[in-house]
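Asks: Residue numbering for the sequence shown follows this note's numbering, starting at 56 and increasing by one per position.
Dumping the structure here so I can ask a few things about it.
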Amino acid sequence: MASSWGMETWPSTALFQCARGPADAGHPIAPRDGICQALRPSRLCQSAPDQEPSGQRGNYQDYVRIKLPISPLITVCILMSTAISKKQKIRFLLGIFDENDNRAFEEEEFVEMLLALFCGMGAMFNMLNLKDAMPSKQRMEALARRLFGRIIDFYRDKTGDCFLDESMPFTVIEDWLLGQNSDALNAPFALFIYRYSAPGEEEDPELFEDEDRKFRLSHTAPVVPPLETAASLDATFLNRNEVVVAHKLFNHCLSTGGFGMSHSEAEAVVGPVDQNLWIDKLHRALDATEDERGVSRTTFTSFLKRICPKASGRHLRMFHSWIKEYEHLEGLQQE
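Quick look at the structure:
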């Protein structure tokens with residue numbers, strides 16, 4: 056597998072530690088360090104020492120060791136991670152089993168993924184060591200095939216479209232795993248993913264990213280490393296309130312036909328304006344826009360580029376999204 060995660064060739068199985076029972080289900084799985092390179096991704100689901108529950112730090116005597124195939128190991132470690140957003144977890148998971156890199160799942164790929172997920176979850180809850188605690192492979196495979204058919208049926212009933220080659224695009228499977236349709240049978244998967252998602256990671260970190268730069272895995276060739284996520288987007292640019300202020304000033308200037316104004320005039324339009332924001336960004340952008348009048352088309356996007364010259368397309372899409380959210384909230388308040 057080639058990917059920006061730098062994964063190496065793995066053995067067919069790896070040693071793995073799991074909690075003794077459901078009572079320990081919320082505790083992090085503790086892999087043995089140094090067993091093999093395949094265990095590196097399992098560190099994703101370990102809490103930082105200062106975040107572990109009191110009395111649990113470094114206390115692993117309640118865990119048991121089992122042998123677990125690599126696919127279930129990676130699957131459950133990714134889904135248990137609190138360092139990755141839900142969307143990226145699922146994209147990573149789907150990429151592992153998308154062996155032909157067509158960004159869609161045939162039935163066999165879907166079945167393989169669910170079997171790995173069932174096995175990984177069974178290991179996590181220590182059900183693999185309990186007699187008759189897990190269904191047989193044949194029953195799990197039959198369930199996976201049934202679920203594949205249900206997803207196709209739900210999609211057809213909702214959109215009226217059919218998949219001609221009986222393969223499902225990733226977006227359809229993502230929605231199903233996240234519980235974003237009316238199929239009750241996806242609830243266990245959606246709840247499991249939600250249970251191990253970090254607070255504040257509900258949104259897609261790559262929502263404003265260009266499609267060809269979004270995170271993905273490849274089985275055929277190296278891929279471009281993903282850019283930094285949304286958490287770092289506002290580090291040197293504008294925050295939500297500043298974008299709203301800039302938008303109000305832009306609309307006012309557009310309506311009056313001129314972009315030249317003083318700090319006091321700006322405050323008369325939008326209320327208090329931070330002096331640093333005015334001196335470092337807004338004043339310069341307004342002057343530059345005034346100088347360019349009649350030379351080039353004046354748009355809010357071009358105004359934002361003058362405020363933040365280093366802003367990329369995803370930054371600008373994020374700023375526009377914030378404006379839409381603000382206008383939506385204003386509309387709700389007026390109702």
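Just so it is clear, CB atoms sit at the ideal spot from N, CA and C, and this is done for glycine as well.
Quick one: measure Cβ to Cβ for P127 and A171, integer angstroms, because I've assumed they're closer than 8 Å.
Replies: Numbered from its first residue, the sequence shown carries residue 127 at position 72. Numbered from its first residue, the sequence shown carries residue 171 at position 116. Rounded, the Cβ-Cβ distance is 5 Å, consistent with contact.
Asks: Given a threshold of 16 other Cβ atoms within 10 Å of its Cβ, counted over all protein chains shown, does Q143 qualify as buried or as exposed?
Replies: Within the sequence shown, the letter at position 88 stands for residue 143. Looking at its Cβ environment, which holds 16 or more other Cβ atoms inside 10 Å, Q143 is buried.
Asks: Which partner residues of P224 appear in the DSSP bridge assignment?
Replies: Residue mapping note: residue 224 aligns to position 169 of the sequence shown, counting from 1. Partner(s): A159.
Asks: Would you kindly check if the distance between the Cβ of F314 and the Cβ of E345 is under 9 Å?
Replies: Position 290 of the sequence shown, counted from the start, is the residue given in the question as residue 345. Position 259 of the sequence shown, counted from the start, is the residue given in the question as residue 314. Cβ atoms of E345 and F314: closer than 9 Å.
Asks: Exposed or buried, Q388, counting other C-beta atoms within 10 Å across all chains shown (16 or more means buried)?
Replies: Counting from one through the sequence shown, the residue named residue 388 turns up at place 333. Exposed, since its Cβ has fewer than 16 Cβ neighbours within 10 Å.
Asks: Measuring alpha carbon to alpha carbon, tell me which of A159, M135, S140 ends up nearest S273.
Replies: Here residue 273 refers to the residue found at position 218 when the sequence shown is read from its first residue. It is A159 whose Cα lies nearest to the Cα of S273.
Asks: Just to check, is the beta-carbon of V328 closer than 8 Å to a non-hydrogen atom of the ligand FAD?
Replies: With respect to small molecules bound, the structure shown includes none, and the ligand FAD cannot be examined in it.
Asks: Go ahead and pull the three-state DSSP assignment for S136.
Replies: By 1-based counting over the sequence shown, the position of residue 136 is 81. If DSSP states are grouped into helix, strand and coil, S136 belongs with coil.
Asks: Is the beta carbon of L240 less than 9 Å from the beta carbon of L202?
Replies: Working through the sequence shown from its first residue, we reach residue 240 at position 185. Working through the sequence shown from its first residue, we reach residue 202 at position 147. Result yes, Cβ atoms of L240 and L202 sit closer than 9 Å.
Asks: Quick check on this structure: which residue in L232, S237, D329, I378 has the alpha carbon closest to the alpha carbon of F209?
Replies: Locating residue 209 in the sequence shown gives position 154, where the first residue counts as 1. F209 has its Cα closest to that of S237, out of L232, S237, D329, I378.
Asks: Taking the runs of the alpha helix (DSSP H) that are 4 residues or longer, which of them lie wholly in the region 285 to 332?
Replies: Here the runs fully enclosed are 295 to 311, 318 to 325.
Asks: Report back the beta-carbon spacing between F19 and I125 to the nearest angstrom; my notes put them in contact at under 8 Å.
Replies: It is not possible to answer for residue 19, since the shown part of the chain is limited to 56 through 390.
Asks: Quick check on S191: does DSSP put it in helix, strand or coil?
Replies: Within the sequence shown, the letter at position 136 stands for residue 191. S191 falls in the coil class under three-state DSSP.
Asks: Determine whether the beta carbon atoms of H302 and Y249 lie at a separation below 9 Å.
Replies: Sequence index remark: in the sequence shown, residue 302 carries index 247 (1-based). Sequence index remark: in the sequence shown, residue 249 carries index 194 (1-based). No, Cβ-Cβ distance for H302 and Y249 is not below 9 Å.
Asks: Quick one, which of I139, M176, V328, S140 has its alpha-carbon nearest L123's?
Replies: Start at 1 with the first residue of the sequence shown, and residue 123 comes out as number 68. The residue with the shortest Cα to Cα distance from L123 is M176.
Asks: Rounded to the nearest angstrom, what separates A285 and T214 at their Cα positions?
Replies: The count along the sequence shown starts at 1 and reaches residue 285 at position 230. The count along the sequence shown starts at 1 and reaches residue 214 at position 159. For A285, the predicted structure reports a pLDDT of 46, less than 50, and the residue's modelled location is therefore unreliable. The matter cannot be settled from this model.
Asks: Tell whether a beta-carbon distance below 9 Å holds between H375 and T356.
Replies: What you label residue 375 is simply residue 320 of the sequence shown in a count that begins at 1. What you label residue 356 is simply residue 301 of the sequence shown in a count that begins at 1. Contact: yes.
Asks: Near R98, what residues of its chain come up, given a Cβ to Cβ distance below 7 Å and the 5 sequence neighbours on each side ignored?
Replies: Counting from one through the sequence shown, the residue named residue 98 turns up at place 43. For R98, the predicted structure reports a pLDDT of 46, less than 50, and the residue's modelled location is therefore unreliable. The matter cannot be settled from this model.
Asks: Going by alpha carbons, who is nearest to V131 out of L384, D335, C174?
Replies: The residue you call residue 131 lines up with position 76 of the sequence shown. It is C174.
Asks: Once the 5 residues before and after R211 are set aside, which same chain residues still bring their CB inside 6 Å of it?
Replies: Here residue 211 is taken as the residue at index 156 of the sequence shown, counted from 1. Here the set comprises C217.
Asks: Can you tell which of D153, N157, A178 has its C-alpha closest to the C-alpha of V166?
Replies: Within the sequence shown, the letter at position 111 stands for residue 166. It is D153 whose Cα lies nearest to the Cα of V166.
Asks: Hey, out of K192, L149, L371, F247, whose CA is closest to M135's CA?
Replies: Numbered from 1 along the sequence shown, position 80 holds the residue referred to as residue 135. Among K192, L149, L371, F247, the Cα nearest to that of M135 belongs to F247.
Asks: Beta-carbon within less than 7 Å of M223's beta-carbon, same chain only, minus the 5 sequence neighbours each way: which residues are those?
Replies: Sequence index remark: in the sequence shown, residue 223 carries index 168 (1-based). Answer for M223: A159, F160, I206, I207, listed in chain order.
Asks: Excluding the 5 residues flanking V298 on each side, which residues of the same chain have their C-beta closer than 6 Å to its C-beta?
Replies: For the purposes of this step, residue 298 is identified with residue 243 of the sequence shown, where counting begins at 1. F374, W377, listed in sequence order.
Asks: Anyone know if the C-beta pair for I145 and L183 falls short of 9 Å?
Replies: Locating residue 145 in the sequence shown gives position 90, counting from the first residue. Locating residue 183 in the sequence shown gives position 128, counting from the first residue. No. Outside cutoff.
Asks: Let me check understanding here. Comparing Cα to Cα, which of A343, G312, M189 lies closest to C363?
Replies: For the purposes of this step, residue 363 is taken as residue 308 along the sequence shown, with counting starting at 1. Nearest option by C-alpha distance: A343.
Asks: Determine the closest residue to R361 out of L337, Q235, G349, R271, with distance taken between C-alpha atoms.
Replies: Position 306 of the sequence shown holds residue 361. Selected option, being the one with the closest Cα: L337.
Asks: As a quick exercise: from W231, K365, L359, pick the residue whose alpha carbon is nearest that of F305.
Replies: Here residue 305 refers to the residue found at position 250 of the sequence shown. That would be L359, whose Cα lies nearest to the Cα of F305.
Asks: Have a look at V300, R339, P277 and flag the residue whose alpha-carbon is nearest the alpha-carbon of A323.
Replies: The residue given as residue 323 occupies position 268 in the sequence shown. Answer by Cα proximity: V300.
Asks: Whole angstroms are fine: how far does the CA of I139 sit from the CA of M189?
Replies: On the sequence shown, position 134 is the one that residue 189 refers to. On the sequence shown, position 84 is the one that residue 139 refers to. In a straight line, the C-alpha of M189 is about 28 Å away from that of I139.
Asks: Contact defined as beta carbons within less than 8 Å: I believe L149 pairs with F225. What is the distance between those atoms, to the nearest angstrom?
Replies: Position 94 of the sequence shown holds residue 149. Position 170 of the sequence shown holds residue 225. Contact holds; Cβ gap of about 5 Å.
Asks: Could you check the C-alpha separation between V350 and L169 for me, to the nearest Å?
Replies: By 1-based counting over the sequence shown, the position of residue 350 is 295. By 1-based counting over the sequence shown, the position of residue 169 is 114. When rounded, the distance between both Cα atoms is 58 Å.
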